[in-house]
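Report on the following structure.
Residue numbers (the working numbering): 40 to 571.
What follows is the structure, encoded as structure tokens:
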């Protein structure tokens with residue numbers, strides 16, 4: 040790209056009436072993320088309307104300037120706001136905050152800047168009984184951005200892109216993409232029926248680079264009469280296969296009212312319960328077994344911990360609890376049920392009594408109380424401290440956690456695997472072996488996507504200021520990625536460090552390549568994303 044092209048584009052952007060002076064920011068800069076990878080960007084555009092996005096794209100297309108759209112840029116562990124390649128102009132959509140809600144149907148229409156926190160405040164203010172589609176990245180993450188990355192949550196509509204009913208996007212030539220059904224005048228029914236009429240094209244904008252999504256309609260789950268979480272422990276490592284079978288049975292028999300179920304290993308549970316014991320690690324850089332056992336005992340952690348929730352009226356919840364007890368009895372050594380109200384009461388009592396306040400129990404109840412917020416569809420930072428376990432500084436002034444700005448080192452490895460006992464065991468052994476090789480604690484979570492499939496999320500945590508640790512972390516990630524693919528464990532989501540993987544493996548369908556070339560012949564829209 041010629042410098043004159045960029046200079047002419049900047050001049051055009053600054054002159055355009057839809058782009059105010061403060062919406063065109065052009066010192067070139069390096070941006071980084073929890074990956075410890077720098078990306079060079081030419082500048083940032085901050086549109087406040089769809090018309091401004093259209094203007095930004097038309098000018099970029101005219102001068103062949105690559106754009107990289109972000110919603111809020113909080114894609115922690117995958118690259119955050121960093122583009123897949125150097126030499127892009129960021130299009131920051133965080134100022135687009137329009138929100139419309141149909142309380143009869145539970146259909147929410149939002150722009151990319153709307154966050155979990157904004158939606159939560161709106162629903163509470165209006166007293167609408169619906170759940171926020173929460174996830175672990177925190178209250179200030181974009182609803183649109185997470186859905187487009189095909190993120191998952193823990194409430195009944197756990198598949199966030201699955202809950203997307205319709206969307207609107209600006210294509211690389213400046214045209215507006217709308218569905219065929221909306222084109223026929225069916226604006227309202229288009230929002231109520233996901234697949235519309237004719238070929239389903241909305242999916243191209245999910246993990247894609249075919250345009251900039253400016254509006255999205257999402258179905259919200261109604262808030263049930265009762266939410267009751269369940270927690271169970273698996274005492275022996277040898278019982279993992281049985282635990283997988285029983286989780287699968289729960290999902291098949293009562294999965295319609297349970298949402299996702301998580302299985303977390305002892306290391307992952309420890310990272311939620313204790314500070315990283317930096318001064319007690321062994322010569323091999325790992326937490327010694329004797330220290331691990333002491334910390335597990337103090338926090339009542341077993342080899343595996345299962346977590347899920349039931350959503351329904353009192354009669355349904357009571358009946359489902361009985362079924363879960365029956366199904367899990369052969370494998371669960373401890374099975375408990377909690378409502379958010381019960382946990383808040385216990386936490387309040389524990390904090391009020393001096394004899395209990397100093398005990399470790401208060402810390403456990405505090406963590407449990409925050410976890411229950413997630414189950415009840417309330418935005419929470421409960422999962423964010425994980426990013427700070429090995430490095431970074433948690434803000435003490437009440438400011439929101441920001442793993443990028445706070446110095447955290449985090450890479451997510453997120454493969455899918457069949458929900459089969461033997462394959463699950465093989466996956467756990469693979470991850471554990473590779474993590475230990477690179478002196479990374481194997482923090483493993485298995486999240487049910489269905490009764491057929493797990494999504495596993497493995498955080499690789501490291502000190503971003505230590506170049507040797509950074510190198511080990513990335514080597515660990517790439518060996519997990521390569522070994523996993525060879526075993527059939529394919530990531531559902533990639534970070535910017537591995538966006539070229541599909542093209543390197545010749546895995547990009549030629550159909551997508553043809554479509555990309557047709558709608559974006561100059562390749563200005565997020566070049567390099569998922570191999571396109």
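Every residue gets a Cβ at the ideal spot worked out from N, C-alpha and C, and that includes glycine. None of the values given here were measured: they were computed from a predicted structure.
Spatially closest choice to residue i from the options, by CA coordinates
i: residue 171; options: 193, 61, 189; result: 193
i: residue 310; options: 498, 70, 543; result: 498
i: residue 153; options: 552, 165, 145, 137; result: 137
i: residue 451; options: 404, 90, 119; result: 119
i: residue 375; options: 314, 457, 271, 352; result: 271
i: residue 76; options: 547, 102, 534, 560; result: 534
i: residue 284; options: 571, 536, 463; result: 463
i: residue 135; options: 229, 110, 420; result: 110
i: residue 59; options: 81, 78, 427, 92; result: 92
i: residue 540; options: 65, 123, 43, 54; result: 123
i: residue 106; options: 112, 81, 116; result: 81
i: residue 127; options: 141, 114, 104; result: 104
i: residue 652; options: 350, 190, 379, 417; result: What the structure shows of the chain is the stretch from 40 to 571, and residue 652 is not part of that stretch, so it cannot be assessed.
i: residue 568; options: 537, 297, 146; result: 537
i: residue 461; options: 74, 336, 226, 526; result: 526
i: residue 74; options: 67, 56, 121; result: 121
i: residue 144; options: 116, 256, 244, 474; result: 256
i: residue 14; options: 158, 252, 417, 442; result: Past the boundaries of the shown model lies residue 14; the chain is included only from 40 to 571, so the question cannot be answered.
Per-residue DSSP class, three states only, for residue i
i: residue 331; result: helix
i: residue 117; result: coil
i: residue 50; result: helix
i: residue 346; result: strand
i: residue 550; result: helix
i: residue 464; result: helix
i: residue 540; result: helix
i: residue 411; result: helix
i: residue 381; result: helix
i: residue 254; result: strand
i: residue 560; result: coil
i: residue 432; result: coil
i: residue 362; result: helix
i: residue 128; result: strand
i: residue 268; result: strand
i: residue 455; result: strand
i: residue 45; result: helix
i: residue 533; result: coil
i: residue 524; result: helix
i: residue 449; result: strand
For residue j and residue i, the rounded distance between their alpha carbons
i: residue 415; j: residue 562; result: 42 Å
i: residue 454; j: residue 466; result: 10 Å
i: residue 163; j: residue 551; result: 42 Å
i: residue 149; j: residue 83; result: 22 Å
i: residue 357; j: residue 286; result: 19 Å
i: residue 219; j: residue 548; result: 24 Å
i: residue 546; j: residue 407; result: 42 Å
i: residue 29; j: residue 249; result: Given that the chain is displayed from residue 40 to residue 571, the structure contains no residue 29 and the question cannot be resolved.
i: residue 338; j: residue 313; result: 8 Å
i: residue 378; j: residue 362; result: 18 Å
i: residue 430; j: residue 72; result: 13 Å
i: residue 557; j: residue 217; result: 17 Å
i: residue 114; j: residue 185; result: 8 Å
i: residue 532; j: residue 188; result: 7 Å
i: residue 155; j: residue 130; result: 21 Å
i: residue 336; j: residue 370; result: 19 Å
i: residue 44; j: residue 473; result: 46 Å
i: residue 404; j: residue 385; result: 7 Å
i: residue 167; j: residue 295; result: 23 Å
i: residue 420; j: residue 483; result: 19 Å
Residue-level contact to chain B via CB, residue i, 8 Å cutoff
i: residue 111; result: The structure shown contains no chain B, having only a single protein chain.
Original post:
Does the region 350-369 touch the region 205-217, meaning 3 or more C-beta pairs lie closer than 8 Å?
Top reply: No, the region 205-217 does not touch the region 350-369.
**OP:** At 3 residues or longer, and completely inside the region 271-323: list those beta strand (DSSP E) runs for me, N to C.
**Re:** Taken in chain order, the unbroken stretches of beta strand (DSSP E) that lie wholly in the region 271-323 and span 3 residues or more are 301-304.
Subject >> Ordered list of beta strand (DSSP E) runs contained in the region 130-183, each at least 3 residues >> reply: The qualifying runs are 138-141, 146-149.
**OP:** Mind the definition here: the region 184-199 touches the region 431-443 only if three or more C-beta pairs lie below 8 Å; say whether that holds.
**Re:** A contact between stretches requires three or more CB pairs, one per stretch, nearer than 8 Å, and the region 184-199 fails this requirement with the region 431-443.
Original post:
Quick one: any contact between the region 342-349 and the region 293-309, if contact means 3 or more CB pairs under 8 Å?
Top reply: The region 342-349 and the region 293-309 touch, with no fewer than 3 CB-CB distances between them shorter than 8 Å.
**OP:** For the region 260-267 and the region 223-236, state whether three or more C-beta atom pairs, one from each stretch, are separated by less than 8 Å.
**Re:** No: fewer than three Cβ pairs fall under 8 Å.
Subject >> Contained alpha helix (DSSP H) runs [length at least 4] in the region 192-246, N- to C-terminal order >> reply: Fully enclosed alpha helix (DSSP H) runs of 4 or longer: 219-222, 226-231.
**OP:** Determine, using beta-carbon pairs with one atom in the region 500-512 and one in the region 442-451, whether at least three such pairs fall under 8 Å.
**Re:** A contact exists between the region 500-512 and the region 442-451.
Original post:
Are the region 46-53 and the region 85-100 touching, with three or more C-beta to C-beta distances below 8 Å?
Top reply: Contact holds: three or more Cβ-Cβ distances are below 8 Å.
Subject >> Contact between the region 323-333 and the region 238-249 (3+ Cβ pairs under 8 Å) >> reply: Flag = no, the region 323-333 and the region 238-249 do not touch.
Original post:
Given 8 Å as the limit, is there contact between the region 472-488 and the region 317-327, that is, 3 or more CB pairs closer than that?
Top reply: With a cut-off of 8 Å on Cβ pairs, the region 472-488 is in contact with the region 317-327, counting three or more such pairs.
Original post:
In chain order, which beta strand (DSSP E) runs of at least 3 residues are fully inside the region 67-116?
Top reply: Runs of the beta strand (DSSP E) lying entirely within the region 67-116, each at least 3 residues long, are 68-70, 78-84, 106-109 in chain order.
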